[in-house]
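Trainee: One structure coming up, written as structure tokens, with questions to follow.
In structure tokens form, the structure reads like this:
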């Protein structure tokens, strides 16, 4: 079974870490990740940019783009995509296509800061 | 992190919202600050035992307000006080209710007001910055004094004076209307930019002490952007600060001297900040409501994206400076544009562009630095020397002067007999 682990934290707090604190945390995480990678159990790992860089596409008819992260609490996170785009407009186009195929709910479009594709998972 | 480090971080991040709300209740800055201070002390006692509250800001507002009201009662009636922990013990329910009432729009205006009172037009820039760092960011007087290279006592006095001015100003506490809100937003954005510049323009031995100002400005810009997620100029401001600060590690040599953009080691640029800055400017542009911060951020993004100096898209930068001249006309902007023009159309065209600025920039270091460099490119060495001499006389920092002296040395070499005969 594949599992996704979704990371939640106070972004203000994480954002206020010094470079040294941030690096120390990343180093400790790398130890755990490397162990998994060696066992062929690590898929993609991503660190997202802050929510201030996010935009949200509400899958209404017509779809509506709003600035900022998805802030509602009545829907639940059901999946995610990682796509390669030139800019936000291109990413929004992809989101619109996906939305047309599956209307309802919303997509939050968030730039990815760090991305490690990971090996093939056994 | 140690036990208290996470509490410190949580207090810092909750501070603007909590002090902003307390200011709305008490309408007095000192009372609001004191209330927050009291609440923080209780947090230090209570959080390690009970764990962090679900909403630290709401907890602090609640406890701070109660503490201040107790204070008033105590001074009025001299009555026996309720047990210290009485408020805290029933906090779970109360916090829940309070959190319900703290809707987004309310605390948005609280924080905006808190930032706005620091931008009082009668306050000189340094006082605005000091006040914001003290009451919004919660930096200690000692920390602020260190950044400004003054004694703690002098800074204490400066802040006290600024606070007195603010109290006289009677900033209205009603919810602002849309026009007023956007005026406040513009003033606050300008103040955040000031804080950043104070850090960014540091050099030599002040670099270390002031780099925290850049980080603080970025934190405040992000805060503002979260409150006003659809304002392209706030996206632009945040992007601009990130893109500028991304170069921090490469801007000075080990002697603390400025390294010019084209000579910087680009591998030292912070790619995370660049990615975030570019993403933000990208998002801002979709609004098609251009503004000075967005344009400057777009220029910074073009520099940041160039892997080598010769990859810089000067043509686009020239166009953007043209747009900036329209949005925010200033001889300094034209001077910056001239640098781009010199790369696209040559030094002659650039020189022509800056000649009309001479009278208005007659005391501006960079004018003579740029003029000298352009003249040097054209082989007009004698005139270049005059311009560089003037630049050195006007230099604000020893690093600026050192940089110009480097040019002068090169001129001397070039105009020595050997250089003259082999010259082009």
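Protein chains in written order, with the working numbering: chain A, 90 to 211; chain B, 266 to 689. Cβ atoms here follow ideal geometry from the backbone N, Cα and C, with glycine treated the same way. Computed from a predicted structure; not experimentally measured.
Could you give the DSSP three-state label for residue 415 (chain B): helix, strand or coil?
Mentor: In this structure, residue 415 (chain B) counts as coil in the three-state DSSP scheme.
Trainee: Chain B beta carbons: is any one of them nearer than 8 angstroms to that of residue 141 (chain A)?
Mentor: Yes, residue 141 (chain A) lies at the interface with chain B (some Cβ there is under 8 angstroms from its Cβ).
Trainee: Report the rounded CA-to-CA distance for residue 357 (chain B) versus residue 546 (chain B), giving the unit in angstroms.
Mentor: Note that residue 357 (chain B) scores 48 on pLDDT, short of 50, meaning its location in the model is unreliable; the coordinates nonetheless yield the value given after this. Approximately 41 angstroms, taken between the alpha carbons.
Trainee: Of all Cβ atoms in chain B, is any one closer than 8 angstroms to the Cβ of residue 182 (chain A)?
Mentor: It does not; no Cβ of chain B falls within 8 angstroms.
Trainee: Tell me the DSSP secondary structure of residue 274 (chain B) in three-state form.
Mentor: In the structure shown, residue 274 (chain B) sits in a helix (DSSP, three-state: H, G or I).
Trainee: In terms of residue numbering, what span does the beta strand (DSSP E) encompassing residue 155 (chain A) cover?
Mentor: Residues 153–156.
Trainee: With 7 angstroms as the limit, tell me which residues of the segment 540–573 of chain B have their beta carbon closer than that to any beta carbon of chain A; keep them in chain order.
Mentor: Flagged, chain order: 540, 541, 544, 545, 547, 548, 551.
Trainee: Against chain B, does residue 178 (chain A) count as a neighbour if the rule is that its beta carbon must be under 8 angstroms from one of theirs?
Mentor: At least one chain B Cβ lies under 8 angstroms of residue 178 (chain A).
Trainee: Could you tell me the alpha carbon to alpha carbon distance between residue 673 (chain B) and residue 579 (chain B), rounded to whole angstroms?
Mentor: Between residue 673 (chain B) and residue 579 (chain B), the C-alpha separation is close to 26 angstroms.
Trainee: Start and end of the beta strand (DSSP E) containing residue 236 (chain A)?
Mentor: As displayed, chain A neither begins before 90 nor continues past 211, which places residue 236 (chain A) out of reach and without an answer.
Trainee: Just grab the DSSP bridge partners of residue 147 (chain A) for me.
Mentor: The partner list for residue 147 (chain A) (beta bridge, DSSP) reads A:153, A:195.
Trainee: Spell out whether any CB of chain B is found under 8 angstroms from the CB atom of residue 244 (chain A).
Mentor: A query on residue 244 (chain A) cannot be resolved here, the shown segment of chain A reaching from 90 to 211 and no further.
Trainee: Comparing C-alpha positions only, which one of B:304, B:311, B:316, B:319 sits nearest to residue 332 (chain B)?
Mentor: With distances taken between Cα atoms, residue 332 (chain B) lies closest to B:304.
Trainee: Spell out whether any CB of chain A is found under 8 angstroms from the CB atom of residue 402 (chain B).
Mentor: Chain A, which has no Cβ nearer than 8 angstroms to the Cβ of residue 402 (chain B), makes this no.
Trainee: So, at 6 angstroms on beta carbons, what are the nonlocal neighbours of residue 125 (chain A) in its own chain, with the 5 sequence-adjacent residues on each side left out?
Mentor: Within the same chain, residue 125 (chain A) has close Cβ partners 131.
Trainee: Whole angstroms are fine: how far does the CA of residue 277 (chain B) sit from the CA of residue 402 (chain B)?
Mentor: About 7 angstroms.
Trainee: Should residue 448 (chain B) be labelled buried (16 or more other beta-carbon atoms within 10 Å of its own) or exposed?
Mentor: Classification of residue 448 (chain B): exposed, given that the 10 Å Cβ count is below 16.
Trainee: Residues in the same chain with beta-carbon distance under 7 angstroms from residue 635 (chain B), minus the five sequence neighbours each way, listed in chain order, please.
Mentor: Result list for residue 635 (chain B): 600, 603, 604, 619, in chain order.
Trainee: With DSSP run on the structure shown, which of helix, strand or coil describes residue 137 (chain A)?
Mentor: In the structure shown, residue 137 (chain A) sits in a strand (DSSP, three-state: E or B).
Trainee: Note down, in chain order, every chain A residue with its Cβ under 7 angstroms from the Cβ of residue 274 (chain B).
Mentor: Correct list: 102, 105.
Trainee: Going by DSSP in three states, residue 328 (chain B) sits in which element: helix, strand or coil?
Mentor: Three-state result, residue 328 (chain B): helix.
Trainee: Any beta carbon from chain A within less than 8 angstroms of residue 643 (chain B)'s own beta carbon?
Mentor: Not closer than 8 angstroms to any Cβ of chain A, the Cβ of residue 643 (chain B) fails to qualify, so no.
Trainee: Looking at the structure shown, is residue 611 (chain B) part of a helix, part of a strand, or coil, going by DSSP?
Mentor: Of the three classes helix, strand and coil, the one that applies to residue 611 (chain B) here is coil, per DSSP.
Trainee: What is the DSSP secondary structure of residue 438 (chain B), reduced to helix, strand or coil?
Mentor: Residue 438 (chain B) falls in the coil class under three-state DSSP.
Trainee: So which residues of chain A does residue 512 (chain B) contact, with C-beta pairs closer than 8 angstroms?
Mentor: What residue 512 (chain B) touches in chain A: nothing, since even the nearest Cβ is about 14 angstroms away.
Trainee: Since residue 166 (chain A) meets chain B, which of its residues come closer than 7 angstroms, beta carbon to beta carbon?
Mentor: None at all; the shortest Cβ gap to chain B is about 20 angstroms.
Trainee: What span of residues does the beta strand (DSSP E) with residue 501 (chain B) cover, start to end?
Mentor: Not the beta strand (DSSP E): residue 501 (chain B) falls in the alpha helix (DSSP H), residues 497–510.
Trainee: Please confirm if the segment 194–205 of chain A is in contact with the segment 143–159 of chain A, defined as three or more CB-CB distances below 8 angstroms between the two stretches.
Mentor: Taking 8 angstroms as the limit for Cβ pairs, the verdict is that the segment 143–159 of chain A does touch the segment 194–205 of chain A.
Trainee: Which one or two residues does DSSP pair with residue 205 (chain A) in a beta bridge?
Mentor: DSSP lists A:134 as partners of residue 205 (chain A).
Trainee: In whole angstroms, what is the alpha-carbon distance linking residue 528 (chain B) and residue 569 (chain B)?
Mentor: The straight-line gap from Cα to Cα measures roughly 13 angstroms.
Trainee: Could you give the distance in angstroms between the alpha-carbon of residue 302 (chain B) and the alpha-carbon of residue 127 (chain A)?
Mentor: Their backbone Cα atoms lie some 50 angstroms apart in a straight line.
Trainee: Is there a Cβ from chain A that is less than 8 angstroms from the Cβ of residue 537 (chain B)?
Mentor: Yes - at least one Cβ of chain A is within 8 angstroms of the one on residue 537 (chain B).
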